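Novice: Structure incoming, see below.
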Amino acid sequence: MTIAEIPSSYINGLIGGSLIGLGSLLGLLASGKIPGISGIFGRLLRPTSGDSLWRVVYLLGLISGGAICFYSVESAATFRIPEGRNSLLVFAIAGLFVGFGTRLGGGCTSGHGVCGMGLGSRDSIVATLTFMAAGFVTVAVWNAFT
Amino acid sequence: MKKLLVIFIAGLLFGAGLAVSGMTDPARVIGFLDLFGNWDATLAFVMGGALIVFGLGVYLLRKKGVCLFGNAVPKGESDPICRNLIVGAILFGIGWGIGGFCPGPAIANLAAWQTEALIFVPMMAVGMFLAQRIFGVDR
Chain F
6 MTIAEIPSSY INGLIGGSLI GLGSLLGLLA SGKIPGISGI FGRLLRPTSG
56 DSLWRVVYLL GLISGGAICF YSVESAATFR IPEGRNSLLV FAIAGLFVGF
106 GTRLGGGCTS GHGVCGMGLG SRDSIVATLT FMAAGFVTVA VWNAFT
Chain G
6 MKKLLVIFIA GLLFGAGLAV SGMTDPARVI GFLDLFGNWD ATLAFVMGGA
56 LIVFGLGVYL LRKKGVCLFG NAVPKGESDP ICRNLIVGAI LFGIGWGIGG
106 FCPGPAIANL AAWQTEALIF VPMMAVGMFL AQRIFGVDR
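Chains as they are written, first to last, in our numbering: chain F, 6 to 151; chain G, 6 to 144.
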């Protein structure tokens, strides 16, 4: 495979991934906490005093960063509903599972997958392998029945 | 104030990274989870890039003992691997495989006012609220 044959999505993935890593690193340094999105968002639902403002600011930054790229980078604006999932009920159910699961499991793709694994935490490695395996199985089952 | 500005920039980088990497496109995420079908490896490159930058950064900062605003770099001690961790990760993985959204990309998609995200995020909040209500914020 020559460089020209590498899918552009892989290159964009590496660049975007690096930005995700940098943002997480800076978030960790400035907050002194593991800046996983599910933890940041979830703890806002049960606020403790003096600990909410930075979470709101981080999420506002996240939304702003997304907005800037959606409107300025053509490939970033791609939004496709996966096959067979053209129903808002599907996304409602998915949201419930993701919300409940990430808070019960103590992290999501960013908290366990990037920060926890990057810090070398054994529980995060186990969690990441588990939610990936569950995702693989879910899609395989979904495809088998639709 | 300075701390909040840095936090905002951190969020900005994170959100930009999600969008640039294609992770805000649910079909691309499902493409990665479709291991036995038409597999799309992009998500592996995203995680790889993020882990290299984050891991290297943590390594260097720890070595130098650098901190910002009085915070040291967290040690990353592992919590015990308990049933809640496994069950939670499985439930998260199921939801991820259903919608192709994890929390970050879903929240970022609020910026594009995507209907799916506008449904997903409040329902995610409900799920989080319930889990925290039943099991506590720190499990």
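Where a beta carbon is used, it is the ideal one built from N, C-alpha and C, also for glycine. Just so it is clear, the structure is predicted and the values come from calculations on it, not from any experiment.
Is it right to say aspartate 39 of chain G is buried, meaning 16 or more other beta carbons lie within 10 angstroms of its own, or is it exposed?
Specialist: Looking at its Cβ environment, which holds 16 or more other Cβ atoms inside 10 Å, aspartate 39 of chain G is buried.
Novice: Taking beta-carbon pairs under 9 angstroms, can you tell me which members of the stretch 37-60 of chain G lie near chain F?
Specialist: Cβ contacts with chain F come from Phe37, Leu38, Asp39, Leu40, Phe41, Gly42, Asp45, Ala46, Thr47, Leu48, Ala49, Phe50, Val51, Met52, Gly53, Gly54, Ala55, Leu56, Ile57, Val58, Phe59, Gly60.
Novice: Can you list the residues of chain F that glycine 70 of chain G reaches, using a CB-CB cut of under 7 angstroms?
Specialist: Correct list: empty, because the minimum Cβ distance to chain F is about 13 angstroms.
Novice: Comparing C-alpha positions only, which one of F/Gly100, F/Phe102, F/Phe105, F/Leu30 sits nearest to alanine 72 of chain G?
Specialist: For clarity, residue 72 of chain G is cysteine in the given sequence; the question names alanine instead. The option with the nearest alpha carbon to cysteine 72 of chain G is F/Leu30.
Novice: Where proline 31 of chain G and glutamate 10 of chain F are concerned, what is the direct C-alpha to C-alpha distance, given to the nearest angstrom?
Specialist: Using only the alpha carbons, I get a separation of about 24 angstroms.
Novice: If contacts are defined as beta-carbon pairs under 8 angstroms, then cysteine 113 of chain F and cysteine 87 of chain G qualify, I think. What distance do you get, rounded to the angstrom?
Specialist: Between cysteine 87 of chain G and cysteine 113 of chain F the Cβ distance is about 18 angstroms, and since that is not below 8 angstroms, they are no contact.
Novice: Give me the Cβ distance between alanine 126 of chain F and glycine 62 of chain G, rounded to the nearest whole Å; I'm assuming they're in contact under 8 angstroms.
Specialist: First, the residue type needs correcting, since residue 126 of chain F is serine and not alanine in the sequence shown. About 16 angstroms separates the two Cβ atoms, so there is no contact after all.
Novice: Please list the partners that methionine 6 of chain G has in chain F, where partner means a Cβ-to-Cβ separation under 9 angstroms.
Specialist: In chain order: nothing, as chain F lies at least about 11 angstroms away.
Novice: What does a CB cutoff of less than 6 angstroms around tryptophan 59 of chain F pick up in its chain, not counting 5 residues either side in sequence?
Specialist: Answer for tryptophan 59 of chain F: Ser36, listed in chain order.
Novice: Considering only DSSP beta bridges, list what asparagine 76 of chain G is partnered with.
Specialist: In the DSSP output, where bridge partners are listed per residue, asparagine 76 of chain G has G/Leu73.
Novice: For a contact defined as C-beta to C-beta under 7 angstroms, what are the partners of alanine 35 of chain F on chain G?
Specialist: Ordered by position in chain G, the residues that pass the 7 angstroms Cβ test against alanine 35 of chain F are Lys8, Val11, Ile12, Ala15, Leu73, Phe74.
Novice: Which of helix, strand or coil does DSSP assign to serine 83 of chain G?
Specialist: DSSP places serine 83 of chain G in coil when its eight states are reduced to three.
Novice: At the 9 angstroms Cβ level, is glycine 55 of chain F part of the contact set with chain G, yes or no?
Specialist: Taking Cβ atoms only, chain G never reaches closer than 9 angstroms to glycine 55 of chain F, which makes this a no.
Novice: Along chain G, in chain order, which residues have C-beta atoms closer than 8 angstroms to that of phenylalanine 84 of chain F?
Specialist: Within chain G, the residues near phenylalanine 84 of chain F are Thr29, Asp30, Pro31, Asn114, Ala117, Gln119.
Novice: What three-state label does DSSP hand leucine 123 of chain G in the structure shown?
Specialist: Note: leucine 123 of chain G maps to helix in three-state DSSP.
Novice: Can you give, in chain order, each stretch of the alpha helix (DSSP H) that sits fully within the stretch 96-123 of chain F and has at least 4 residues?
Specialist: As far as the stretch 96-123 of chain F is concerned, it has no whole alpha helix (DSSP H) run of at least 4 residues.
Novice: Quick one, which of G/Asp84, G/Ala113, G/Phe125 has its alpha-carbon nearest glycine 110 of chain F's?
Specialist: With distances taken between Cα atoms, glycine 110 of chain F lies closest to G/Asp84.
Novice: Taking just the CA atoms, how far does phenylalanine 97 of chain G sit from glutamate 158 of chain F?
Specialist: In the structure as shown, chain F starts at 6 and stops at 151, and residue 158 of chain F therefore has no counterpart that could be examined.
Novice: Please work out which residues of its chain come closer than 7 angstroms, Cβ to Cβ, to glycine 104 of chain G, disregarding the five sequence neighbours upstream and downstream, and give them in chain order.
Specialist: For glycine 104 of chain G, where only same-chain residues beyond five positions count, the Cβ hits under 7 angstroms are Pro31, Phe125.
Novice: I'd like the span of the alpha helix (DSSP H) that includes methionine 137 of chain F, first residue to last.
Specialist: 127-150 is the extent of the alpha helix (DSSP H) around methionine 137 of chain F.
Novice: Would you kindly check if the distance between the Cβ of isoleucine 45 of chain F and the Cβ of leucine 64 of chain F is under 9 angstroms?
Specialist: Yes, Cβ-Cβ distance for leucine 64 of chain F and isoleucine 45 of chain F is below 9 angstroms.
Novice: For alanine 149 of chain F, does the count of other Cβ atoms within 10 angstroms reach 16, so buried, or fall short, so exposed?
Specialist: Burial call: exposed.
Novice: Using only the alpha-carbon positions, how far apart do glycine 22 of chain F and isoleucine 139 of chain G sit?
Specialist: One C-alpha to the other measures close to 34 angstroms.
Novice: Could you please give the first and the last residue of the uninterrupted alpha helix (DSSP H) stretch that includes arginine 51 of chain F?
Specialist: Premise fails: arginine 51 of chain F is in no alpha helix (DSSP H) and is neither H nor E.
Novice: List the residues of chain G that isoleucine 3 of chain F touches, going by C-beta distances under 7 angstroms, in chain order.
Specialist: With chain F represented from 6 up to 151, any question about residue 3 of chain F goes unanswered, as that position is not in the structure.
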